[in-house]
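Have a look at the structure below before the remarks.
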Amino acid sequence: MFFKVAFFAPVVMSLVVISILWLYLSNPNSGLLNAILNKVGIASQPFLTSPKQAMYAIVFVSAWQGAGYQMLLFLGGMQNIPQDVYEAAELDGFSKWAQFRYITMPLLKPTALFVLLTTLISAFKLIVQPMVMTQGGPLNSTITMVYYIYQQGFTDRLVGYSSSIALVFTTLIGMISLVQRRVLKEDD
Numbered sequence: 065m066f067f068k069v070a071f072f073a074p075v076v077m078s079l080v081v082i083s084i085l086w087l088y089l090s091n092p093n094s095g096l097l098n099a100i101l102n103k104v105g106i107a108s109q110p111f112l113t114s115p116k117q118a119m120y121a122i123v124f125v126s127a128w129q130g131a132g133y134q135m136l137l138f139l140g141g142m143q144n145i146p147q148d149v150y151e152a153a154e155l156d157g158f159s160k161w162a163q164f165r166y167i168t169m170p171l172l173k174p175t176a177l178f179v180l181l182t183t184l185i186s187a188f189k190l191i192v193q194p195m196v197m198t199q200g201g202p203l204n205s206t207i208t209m210v211y212y213i214y215q216q217g218f219t220d221r222l223v224g225y226s227s228s229i230a231l232v233f234t235t236l237i238g239m240i241s242l243v244q245r246r247v248l249k250e251d252d
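In the numbering used here, the protein residues as written are 65 to 252.
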């Protein structure tokens, strides 16, 4: 139970709080991550100030924040697999690996596709982490689609332009959702 709560806690925390926490942890001068790296003999890393590393840092923070939700979905999917199937496979001489490969994986395919779709949509709508951690920088390397829409609409006051981008973005997400539904219907 402890591990479920520990993995799920970041999901219910505010994205702003998580972003500020990782902003302080990855600070090149006083951050805990760089202090640990320095202790093992590695030079401080510019996690959020390097154009090459900044997006990776934001992706890592987003993955860490969403891992608990995905874990919960997979856990629910695994609990819905009937035990009878595993017992029959064991009687037929299936190894644990064979049970995983031929029972667990195929029966988790709808759950995996759902997790993939929700993760993809979450990645597309990412705005808080780049806004708080890097403000879209360095060199605009962390500007996401939604953050760009926000900048055009609210910062640059190009409301029509940002609305048209948002419409294209919504259409793209809708098309991805339709593809996912068709893939899931083919399995049923």
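C-beta atoms are modelled at their ideal positions from N, C-alpha and C, and glycine is treated no differently.
Check: Check whether the segment 204 to 218 and the segment 125 to 132 are in contact - that is, three or more C-beta pairs closer than 8 Å.; Outcome: no
Check: Across the segment 236 to 246 and the segment 148 to 163, are there enough close Cβ pairs to call them in contact, namely three or more that are closer than 8 Å?; Outcome: no
Check: Judging by CA-CA distance, which residue of L139, I82, Q216, Y225 is the nearest neighbour of A176?; Outcome: L139
Check: Alpha carbon to alpha carbon, how far is D220 from Y212?; Outcome: 10 Å
Check: Please report the distance separating the alpha-carbon of A73 from that of S83.; Outcome: 14 Å
Check: Please classify W86 as buried or exposed, where buried requires at least 16 neighbouring CB atoms within 10 angstroms.; Outcome: buried
Check: Do T182 and M142 have their C-beta atoms within less than 9 Å of each other?; Outcome: no
Check: Between the alpha carbons of D148 and A131, how many angstroms are there, rounded?; Outcome: 29 Å
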